[in-house]
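Beneath this line is the structure, given in structure tokens, with notes to follow.
In this note's numbering, the protein residues as written are 288 to 474.
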């Protein structure tokens, strides 16, 4: 389940959820890591730069600038990873997400996808969620429900550049894209 609130995560786990996806990488509530450790569930930690400005999808304007967006993402994820490990989340239960579309410009999102291999230094699986995102709108000028090909391209390149997991809307089509991309780059 996607949340950054402890109470929501607790209720979701009681209702049968088996993974916590923290969209703020423990910045909003570090106790999510303690919950993941106690419950023994995987924890996805996302790099979210919305607290530092970033990209406003509504106005399509930049609100912050980073000299090196990937350095910012790696620094953010490294802090989140260290926090989770300190409270006992097993390393094998931690997944990292660079946060496509969360406080970054669409150009920065493209750069992150191109530079995903740099996240290997953190030693954890990488998840990306590029499905139907505004970066595809900005490049192809398409509405959200017509971005399957743009999503397919971002998924394929993400896998080629090191993504281990993708979060998508068009599951049937993207499973095919993932299998084909894996066959090409990870056989």
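Virtual Cβ for every residue (Gly too), placed ideally from N, Cα, C.
Your pair residue 426 and residue 416 does not check out as a contact, with CB atoms roughly 17 Å apart and the cut at 8 Å. Relative to the Cα of residue 441, the nearest Cα in the group 378, 393, 407 belongs to 393. Using a Cβ-Cβ distance cut-off of 8 Å, the stretch 362-381 and the stretch 312-322 are in contact, since at least three pairs of beta carbons, one from each stretch, lie closer than that value.
Just measuring C-alpha positions, the residue of 447, 421, 439, 388 sitting nearest residue 407 is 447. Here residue 462 is exposed: its Cβ has fewer than 16 other Cβ atoms, across all protein chains shown, within 10 Å. Take residue 401, set aside five residues on each side of it, and the residues of its chain with a beta-carbon closer than 8 Å to its own are 444, 448, in chain order. Look at residue 429 here: in three-state DSSP terms it is coil, with no helix or strand label.
Rounded to the nearest whole angstrom, the C-alpha separation of residue 329 and residue 353 is 30 Å.
Nearest in C-alpha terms to residue 305, of all of 386, 326, 433, is 326. Residue 390 is not a Cβ neighbour of residue 396, given a cutoff of 8 Å. Around the Cβ of residue 385, a 10 Å sphere holds 16 or more other Cβ atoms; the residue is buried. Annotation note: the stretch 348-418 contains the following uninterrupted alpha helix (DSSP H) runs of length 4 or greater, listed N- to C-terminal: 356-373, 393-401. Residue 405 and residue 356 have their alpha carbons spaced roughly 12 Å apart.
Pairing residue 335 with residue 421, the inter-Cα distance amounts to about 16 Å. Going by DSSP, residue 330 is part of the beta strand (DSSP E) stretching over 330-333.
Between the alpha carbons of residue 307 and residue 469 lies a distance of about 26 Å. A residue is called buried once 16 or more other Cβ atoms fall within 10 Å of its Cβ, and residue 309 is buried on that count.
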